[in-house]
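Trainee: Residue numbers (the UniProt record's numbering): 1 to 389.
Think of the CB as a built atom: it goes at the ideal place given N, C-alpha and C, for glycine as much as any other residue.
Model, not experiment: these values are computed from the prediction.
The following block contains the structure, expressed as structure tokens.
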């Protein structure tokens with residue numbers, strides 16, 4: 001049997017396994033349910049947002065949070081050394097909220113002008129927000145997320161009823177144009193198959209855990225037990241690492257779909273998406289060239305080659321690849337529907353999106369090696385320093 005034949009068989013076996021695993025796992029991924037009753041004594045929730053050069057989105061995000069129907073809420077927005085009007089906009093919004101009698105939620109603004117050594121900017125900003133927070137629950141979220149009015153009420157009720165220490169939600173991701181839409185959704189698809197987020201809902205397992213930047217709600221006791229953001233001070237993927245640390249420490253974790261209550265426009269253009277991802281993709285491989293190489297080979301063998309084989313191999317190997325392509329499309333559409341209520345009509349772009357992601361991984365590794373580190377929010381961090389942490 002030829003090498004191509006063996007590869008075709010192994011690729012089919014991989015997609016059969018991953019499709020079966022995902023089909024079983026997606027039954028563990030439920031939507032965040034609407035709450036019918038709040039706890040008798042609702043705990044105080046501290047919402048902490050880190051914002052750097054977010055003048056175009058931060059106002060809308062905070063206004064949606066100020067409109068939450070949860071009765072005990074405080075919002076702490078941290079302006080992380082922004083060079084634009086982010087800080088000015090936040091102060092204007094704070095003064096506006098103080099004048100509005102129908103806005104009962106206190107809004108606190110923290111302005112950071114100096115970043116100490118050993119910290120990534122966002123992680124430091126979130127930690128500073130935590131130090132000012134008084135809540136029993138801490139909600140870490142991004143500066144471009146739109147919340148439905150009942151989101152926090154539903155989340156707190158769920159955590160109380162299910163005795164959960166960490167709840168993370170997947171948002172509905174918006175993208176303009178077919179190519180950007182395909183790329184963003186493929187990244188989510190590929191990431192889901194790699195991380196298998198549904199496994200975080202298994203209580204008898206301490207790994208793998210997961211955290212999503214749009215919505216990471218954690219009990220204060222659990223957050224402090226894992227060492228706060230100090231323990232992940234130099235991780236660009238802080239949201240994911242927060243979830244991994246909590247799960248590894250044995251705290252009860254749940255990941256749910258927040259497609260009906262959370263919305264985000266992750267990137268506004270394909271170029272912006274590639275540039276944004278190339279900064280931190282290598283960190284997801286633990287800055288290991290070996291793991292990054294294996295990831296690139298996996299993209300080629302399991303996501304790109306089947307489409308090429310379907311076109312150019314007119315024998316039994318091409319038939320196997322045809323089955324693989326069908327499995328890819330079906331699983332992609334199922335995941336998009338389950339996580340974001342999307343039909344996945346852009347599935348025909350899967351080989352293009354996979355090629356773009358492969359390019360982004362290669363570029364992320366190359367840039368980190370060439371620079372000797374990464375530029376993150378305007379600050380350079382050496383590879384030696386990042387690996388140490």
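Can you tell me which of the three DSSP states residue 115 falls into?
Mentor: Three-state DSSP puts residue 115 in coil, outside helix and strand.
Trainee: My guess is that residue 306 and residue 11 are in contact by the Cβ rule of under 8 Å, so how many angstroms apart are they, rounded?
Mentor: About 6 Å separates the two Cβ atoms, so the contact holds.
Trainee: Confirm, please, whether the CB-CB distance from residue 313 to residue 223 is below 7 Å.
Mentor: It is not a contact, given that the beta carbons lie outside the stated cut-off.
Trainee: Roughly how many angstroms separate the alpha carbons of residue 208 and residue 100, rounded to a whole number?
Mentor: Spanning the two alpha carbons is a distance of roughly 45 Å.
Trainee: Mind checking which residues open and close the beta strand (DSSP E) that includes residue 173?
Mentor: 172-174 is the extent of the beta strand (DSSP E) around residue 173.
Trainee: Would you kindly check if the distance between the Cβ of residue 182 and the Cβ of residue 349 is under 7 Å?
Mentor: Yes, the Cβ-Cβ distance between residue 349 and residue 182 is below 7 Å.
Trainee: Hey, residue 119 and residue 236: beta-carbon distance below 7 Å or not?
Mentor: No.
Trainee: Whole angstroms is fine: what's the gap from residue 373's alpha carbon to residue 194's?
Mentor: So the two alpha carbons sit approximately 25 Å from each other.
Trainee: Would you tell me roughly how many angstroms separate the C-alpha atoms of residue 212 and residue 1, rounded to the nearest one?
Mentor: Rounded to whole angstroms, residue 212 to residue 1 spans 44 Å at the Cα level.
Trainee: Taking only beta-carbon positions, decide if residue 104 is within less than 7 Å of chain D.
Mentor: Of the protein chains in this structure there is only one, and it is not chain D.
Trainee: Can you tell which of 24, 50, 73, 384 has its C-alpha closest to the C-alpha of residue 287?
Mentor: It is 384 whose Cα lies nearest to the Cα of residue 287.
Trainee: Can you check whether the CB of residue 97 is closer than 7 Å to the CB of residue 107?
Mentor: Cβ distance < 7 Å, so residue 107 and residue 97 count as in contact.
Trainee: Suppose the cutoff is 7 Å on Cβ atoms and the five residues either side in sequence are ignored; what does the same chain contact list for residue 184 look like?
Mentor: Answer for residue 184: 173, 175, 266, 267, 273, listed in chain order.
Trainee: Give the DSSP bridge partners of residue 265, in chain order.
Mentor: Note: residue 265 sits in a beta bridge opposite 174.
Trainee: Assuming the contact rule is C-beta atoms closer than 8 Å, residue 179 and residue 270 should be a hit. Round their C-beta distance to whole Å, please.
Mentor: That pair is a contact at about 6 Å.
Trainee: For residue 64, report the span of its alpha helix (DSSP H) as first-last.
Mentor: Where residue 64 is concerned, the enclosing alpha helix (DSSP H) stretches over 58-66.
Trainee: What are the residues that DSSP puts in a beta bridge with residue 74?
Mentor: Per DSSP, 46.
Trainee: Identify, in the order they occur along the chain, each residue of the same chain with its Cβ nearer than 7 Å to the Cβ of residue 109, setting aside the five sequence neighbours on each side.
Mentor: Taken in chain order, the residues that qualify are 77, 79, 90, 91, 94.
Trainee: Please classify residue 247 as buried or exposed, where buried requires at least 16 neighbouring CB atoms within 10 angstroms.
Mentor: With 16 or more other Cβ atoms within 10 Å, it is buried.
Trainee: Within the continuous alpha helix (DSSP H) that includes residue 127, where are the two ends?
Mentor: Segment 121-132, the alpha helix (DSSP H) holding residue 127.
Trainee: Check residue 255 in the structure and name its three-state DSSP category.
Mentor: DSSP places residue 255 in strand when its eight states are reduced to three.
Trainee: Using only alpha-carbon positions, find the residue among 225, 254, 203 that is nearest to residue 217.
Mentor: The candidate whose alpha carbon is nearest that of residue 217 is 254.
Trainee: Going by the beta-carbon positions, is the gap between residue 258 and residue 32 smaller than 7 Å?
Mentor: Taking 7 Å as the Cβ cut-off, residue 258 and residue 32 qualify as a contacting pair.
Trainee: Quick one, which of 43, 37, 81 has its alpha-carbon nearest residue 115's?
Mentor: Comparing Cα positions, the closest option is 81.
Trainee: Residue 382 bridges to which residues according to DSSP?
Mentor: Looking at the DSSP assignment, residue 382 forms a beta bridge with 373.
Trainee: Are the beta-carbon atoms of residue 30 and residue 256 separated by less than 7 Å?
Mentor: Yes, the Cβ-Cβ distance between residue 30 and residue 256 is below 7 Å.
Trainee: Given this structure, state the Cα-to-Cα distance separating residue 18 from residue 198, to the nearest angstrom.
Mentor: So the two alpha carbons sit approximately 13 Å from each other.
Trainee: To the nearest angstrom, report how far apart residue 205 and residue 325 are at their CA atoms.
Mentor: Answer to the nearest angstrom: the Cα atoms are 32 Å apart.
Trainee: Measure the alpha-carbon distance for residue 328 versus residue 335 and round it to whole angstroms.
Mentor: Distance between the alpha carbons of residue 328 and residue 335 is about 11 Å.
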